[in-house]
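Numbering (UniProt numbering), first residue to last: 1 to 180. C-beta atoms are modelled at their ideal positions from N, C-alpha and C, and glycine is treated no differently.
Now the structure itself:
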């Protein structure tokens with residue numbers, strides 16, 4: 001067993017089937033490690049207390065490196081970009097910067113402590129914070145939002161925190177593609 005080689009994608013099987021014996025071999029290969037992280041995310045979604053099975057039953061046809069969850073596809077960047085460049089990347093992939101629909105939308109990312117650009121910006125014309133589709137922000141969704149500077153762009157942490165920063169600063173970002 002010591003010389004057994006792990007093929008690409010097998011890490012996902014090891015995690016989902018709880019085969020920890022070969023787990024350490026997965027961590028030595030970057031591709032397998034990324035496969036492991038994806039599988040771990042999927043497993044935590046399946047085991048999470050707030051996951052509704054009817055929401056999980058959607059069929060996903062997400063692009064490579066995107067994560068399917070609750071009938072949407074998400075791209076969680078590892079690279080950093082300014083807000084506008086992040087938005088342009090999402091648009092070029094037939095998606096938009098994240099528009100949060102409900103508080104548990106990013107439950108599958110609760111382990112992340114990073115902040116990400118999202119698709120919320122201040123409209124001088126409407127004197128309101130708007131999502132990219134021009135819908136208004138629900139104060140119930142992000143209740144502590146009032147203290148941010150309207151000249152800045154918005155970053156979100158999947159644990160529910162929100163910050164503003166100069167739009168030219170570079171941060172990670174989340175794209176969302178709605179499947180239905």
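Anyone know if the C-beta pair for residue i and residue j falls short of 8 angstroms?
| i | j | result |
| --- | --- | --- |
| residue 176 | residue 95 | yes |
| residue 150 | residue 122 | yes |
| residue 130 | residue 100 | no |
| residue 67 | residue 108 | yes |
| residue 167 | residue 157 | no |
| residue 115 | residue 171 | yes |
| residue 148 | residue 164 | yes |
| residue 139 | residue 93 | no |
Apply the 10 Å Cβ neighbour rule to residue i and answer buried if 16 or more other Cβ atoms are within range, or exposed otherwise.
| i | result |
| --- | --- |
| residue 120 | buried |
| residue 98 | buried |
| residue 72 | buried |
| residue 180 | exposed |
| residue 27 | For residue 27, the pLDDT reaches just 48, beneath the cut-off of 50, and the residue's location in the model is therefore unreliable, although a value from the coordinates is still provided. Per the 10 Å Cβ criterion, exposed. |
Rounded to a whole number of angstroms, what is the C-alpha to C-alpha distance between residue i and residue j?
| i | j | result |
| --- | --- | --- |
| residue 12 | residue 137 | Note that residue 12 scores 47 on pLDDT, short of 50, meaning its location in the model is unreliable and no value can be drawn from it. |
| residue 87 | residue 104 | 23 angstroms |
| residue 69 | residue 127 | 33 angstroms |
| residue 81 | residue 118 | 12 angstroms |
| residue 79 | residue 85 | 11 angstroms |
| residue 161 | residue 113 | 10 angstroms |
| residue 102 | residue 91 | 22 angstroms |
| residue 77 | residue 106 | 14 angstroms |
By Cβ distance, which residues of its chain are closer than 7 angstroms to residue i, with the 5 residues on each side in sequence left out?
| i | result |
| --- | --- |
| residue 178 | 72 |
| residue 83 | 117, 153 and 167 |
| residue 125 | none |
Give me, in chain order, the residues of the same chain whose beta-carbon lies closer than 6 angstroms to that of residue i; leave out the 5 immediate sequence neighbours on both sides.
| i | result |
| --- | --- |
| residue 75 | 66 and 175 |
Sorted by chain position, which residues of the same chain lie with C-beta nearer than 8 angstroms to residue i's C-beta, five sequence neighbours on each side aside?
| i | result |
| --- | --- |
| residue 159 | 110, 112 and 113 |
| residue 135 | 99 |
| residue 155 | 115, 116, 117, 118, 162, 163, 164, 165 and 171 |
Enumerate, from N- to C-terminal direction, the unbroken beta strand (DSSP E) stretches of 3 or more residues contained entirely within the stretch 66 to 132. 67 to 69, 72 to 76, 120 to 123 and 128 to 131
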